[in-house]
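Colleague: For the sequence shown, the numbering used here assigns the number 432 to the last residue and increments by one with no breaks. Every residue, glycine too, gets a C-beta built ideally from N, C-alpha and C.
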Amino acid sequence: MSTQTYQLPKKHEWQTLKPDYGKVVIEPFEPGFALTVGNAFRRVLLSSVEGAAPTWAKIEGVLHGFSHLPGVIEDTLDILANLRKVVFKLHGERSRLIRLKATGPKPVKAEAFEPDAQVEILTPGQVLATLDRDGVLEMEVCLEKGRGYVPADKRELESLPVNALLMDADFSPIQRVNFQVDPARRKPGHERLTLEIWTNGSVAPDDAMGEAALILEDHFDLLCRFPTGLEPAEEVPVETPTFELSDNLFRSVEELELSVRAANCLKTANIRNIADLVQKSEAELLKTKNFGKKSLNEIKFPNLPPRLRRRSRRSKRTGQSVAPRSPRQPPSAAWT
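#1: With the cut-off set at 8 Å, would you say D278 and R288 are in Cβ contact?
#2: Quick one: what's got a C-beta closer than 7 Å to D372's C-beta in the same chain, skipping five residues either side?
#3: Compare the C-alpha of D174 against each of L261, A130, S348 and Y102 and name the closest.
#4: How would you write the range of the alpha helix (DSSP H) that L81 sits in, first residue to last?
#5: Assuming N369 contacts F346 under a Cβ cut-off of 8 Å, what Cβ separation, rounded to an integer in Å, is found between them?
#6: Starting from D174 and walking both ways along the alpha helix (DSSP H), at which residues does that stretch end?
#7: With DSSP collapsed to three states, give me the class of E234.
#8: Thinking C-alpha only, which one of E313, E292, V246 and K363 is nearest G147?
#9: Any idea if K389 is buried or exposed, counting beta-carbon neighbours within 10 angstroms, 16 or more meaning buried?
#10: Taking the alpha carbon of S143 as the point to measure from, which residue in P269, T172, L165 and L233 has its own alpha carbon closest?
#11: Since V215 and R192 should fall inside the 8 Å C-beta cutoff, what is the C-beta to C-beta distance between them, to a whole number of angstroms?
#12: Provide the residue(s) that pair with Q214 in DSSP beta bridges, ordered along the chain.
#13: State the CB to CB distance for the pair F184 and A149, rounded to an integer number of angstroms; the pair is presumed to be in contact (CB under 8 Å).
#14: Please work out which residues of its chain come closer than 8 Å, Cβ to Cβ, to L176, disregarding the five sequence neighbours upstream and downstream, and give them in chain order.
#15: Would you call the CB atoms of L239 and L233 closer than 8 Å?
#16: Determine the direct distance from the alpha carbon of V133 to that of L104, and round the result to whole angstroms.
#17: Secondary structure at L141, three-state DSSP: helix, strand or coil?
#18: In three-state DSSP terms, what is L382?
#19: Kindly give me the distance between the Cβ atoms of A225 and E170, rounded to whole angstroms, as I take these residues to be in contact under 8 Å.
#20: Helix, strand or coil: how does DSSP classify S348 here?
#21: Could you name the residues of the same chain whose beta carbon sits closer than 7 Å to that of K107, not counting the 5 residues immediately before and after it, in chain order?
#22: Could you tell me the alpha carbon to alpha carbon distance between A136 and D266, rounded to whole angstroms?
#23: Using the C-alpha atoms, what's the distance from I194 back to E252?
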């Protein structure tokens with residue numbers, strides 16, 4: 097895995113934030129990354145942020161899109177075009193039916209739809225049709241949530257009411273996105289990204305950007321988990337080996353029953369216990385004042401615990417020191 101570190105953005109500030117417009121500044125980026133991030137956000141914002149739109153409409157007395165209602169100035173295609181200009185916000189459910197019934201003479205606006213707790217009409221003044229004195233407009237509209245732009249001929253509906261008219265659905269609440277890359281203010285050699293977002297008001301610019309970021313994260317997460325060998329290995333806790341010290345190491349050298357001469361030599365060498373003694377080599381002990389081979393032999397063959405005994409002679413076969421045999425010790429009892 098690469099150990100190269102990158103300068104990641106540390107600050108983002110919304111310089112302007114309105115229901116339908118936002119301007120955010122993000123910095124600092126390493127050279128090239130502001131363009132990459134800005135372009136990715138722009139594409140996802142324009143194509144993949146979820147919104148609501150009418151997908152079909154059923155108008156009383158209309159059999160097809162080229163029909164004309166008596167007492168209504170606009171034809172059916174114009175009514176559907178005006179309906180597509182209405183900005184809806186759908187709460188909770190994925191789809192919802194709304195109804196409208198109006199009589200003339202008057203212009204029929206989007207506010208004429210029957211109130212619905214799940215549906216919010218953000219452009220209530222949008223005119224749908226103009227009625228004469230005898231004109232009547234009664235319609236039922238299906239609102240759905242979706243992403244992007246879906247033409248009517250690309251939609252598949254299993255249960256479509258009789259005489260219902262399919263509509264091209266523009267689900268995207270994002271109207272326009274612009275970004276600009278400039279040098280970072282306080283970090284020379286780095287970049288600053290300025291992103292502007294225009295919406296139809298059904299989604300706030302900061303919410304739209306957050307949704308786009310989650311979409312990008314979901315796609316990149318799949319690649320991060322792809323078994324390429326770059327995934328960091330799982331850390332395995334390393335157990336620190338523990339050593340058990342024999343209690344004999346803390347015994348005083350006085351317990352070895354040495355001669356006064358040998359005991360005094362050990363005290364002179366500041367050897368107080370067996371742990372101090374076993375750390376000394378024979379050569380180091382012989383350098384101690386008044387410490388000769390006789391004193392050394394006392395230490396090599398005392399009543400020490402078996403693990404602390406030293407060997408006195410060398411085996412002709414292996415060249416290693418071995419302990420001398422004694423009448424009280426069988427030949428097979430090796431000193432260890």
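Modeller: Checking against the coordinates, here is how it stands:
#1: Stepping through the sequence shown from its first residue, residue 278 is reached at position 182. Stepping through the sequence shown from its first residue, residue 288 is reached at position 192. Less than 8 Å divides the Cβ of D278 from the Cβ of R288.
#2: Here residue 372 refers to the residue found at position 276 when the sequence shown is read from its first residue. For D372, same chain residues with a beta-carbon under 7 Å away, outside a window of 5 residues either side, do not exist.
#3: Locating residue 174 in the sequence shown gives position 78, where the first residue counts as 1. Comparing alpha carbon positions, the residue from L261, A130, S348 and Y102 closest to D174 is L261.
#4: For residue 81 there is no data in the structure shown, the boundaries of the chain being 97 and 432.
#5: The residue labelled residue 369 in the question sits at position 273 within the sequence shown. The residue labelled residue 346 in the question sits at position 250 within the sequence shown. About 6 Å separates the two Cβ atoms, so the contact holds.
#6: As a first step, residue 174 must be located in the sequence shown, where it is residue number 78. Counting along the chain, D174 sits inside the alpha helix (DSSP H) bounded by residues T172 to R180.
#7: In the sequence shown, the residue the question calls residue 234 occupies position 138. The three-state secondary structure of E234, taken from DSSP, is strand.
#8: In the sequence shown, residue 147 corresponds to position 51, counting from 1. Nearest of E313, E292, V246 and K363 to G147, Cα basis: V246.
#9: Here residue 389 corresponds to residue number 293 of the sequence shown, with the count starting at 1. Burial check for K389: the Cβ neighbour count within 10 Å stays below 16, so the residue is exposed.
#10: Against the sequence shown, residue 143 aligns to sequence position 47. The shortest Cα separation from S143 among P269, T172, L165 and L233 belongs to P269.
#11: The residue given as residue 215 occupies position 119 in the sequence shown. The residue given as residue 192 occupies position 96 in the sequence shown. The C-beta distance from V215 to R192 rounds to 6 Å, short enough to fall under 8 Å.
#12: Looking up residue 214 in the sequence shown gives position 118. Looking at the DSSP assignment, Q214 forms no beta bridge with any residue, so it has no partner.
#13: Here residue 184 refers to the residue found at position 88 when the sequence shown is read from its first residue. Here residue 149 refers to the residue found at position 53 when the sequence shown is read from its first residue. The beta-carbon distance between F184 and A149, rounded to whole angstroms, is 7 Å. This is short enough to meet the 8 Å contact definition.
#14: Within the sequence shown, numbered from 1, the residue matching residue 176 stands at position 80. Correct list, in chain order: A153, G161, L261 and M263.
#15: Here residue 239 is taken as the residue at index 143 of the sequence shown, counted from 1. Here residue 233 is taken as the residue at index 137 of the sequence shown, counted from 1. Taking the C-beta atoms as reference points, L233 is found no nearer than 8 Å to L239.
#16: Counting from 1 along the sequence shown, the entry for residue 104 is found at position 8. Counting from 1 along the sequence shown, the entry for residue 133 is found at position 37. The alpha-carbon atoms of L104 and V133 are separated by roughly 11 Å.
#17: Residue 141 sits at position 45 when you count from the first residue of the sequence shown. In this structure, L141 counts as helix in the three-state DSSP scheme.
#18: For the purposes of this step, residue 382 is taken as residue 286 along the sequence shown, with counting starting at 1. For L382, the three-state secondary structure derived from DSSP is helix.
#19: Counting from one through the sequence shown, the residue named residue 225 turns up at place 129. Counting from one through the sequence shown, the residue named residue 170 turns up at place 74. The beta carbons of A225 and E170 sit about 5 Å from each other, so the pair counts as a contact at 8 Å.
#20: Indexing the sequence shown from 1 puts residue 348 at position 252. In this structure, S348 counts as strand in the three-state DSSP scheme.
#21: By one-based count along the sequence shown, residue 107 stands at place 11. Once the five neighbours on either side are set aside, the close Cβ partners of K107 are E123.
#22: Residue numbering aside, residue 136 sits at position 40 when the sequence shown is read from its first letter. Residue numbering aside, residue 266 sits at position 170 when the sequence shown is read from its first letter. When only Cα atoms are considered, A136 and D266 end up about 21 Å apart.
#23: For the purposes of this step, residue 252 is taken as the residue at position 156 of the sequence shown. For the purposes of this step, residue 194 is taken as the residue at position 98 of the sequence shown. Approximately 21 Å between the Cα atoms of the pair.
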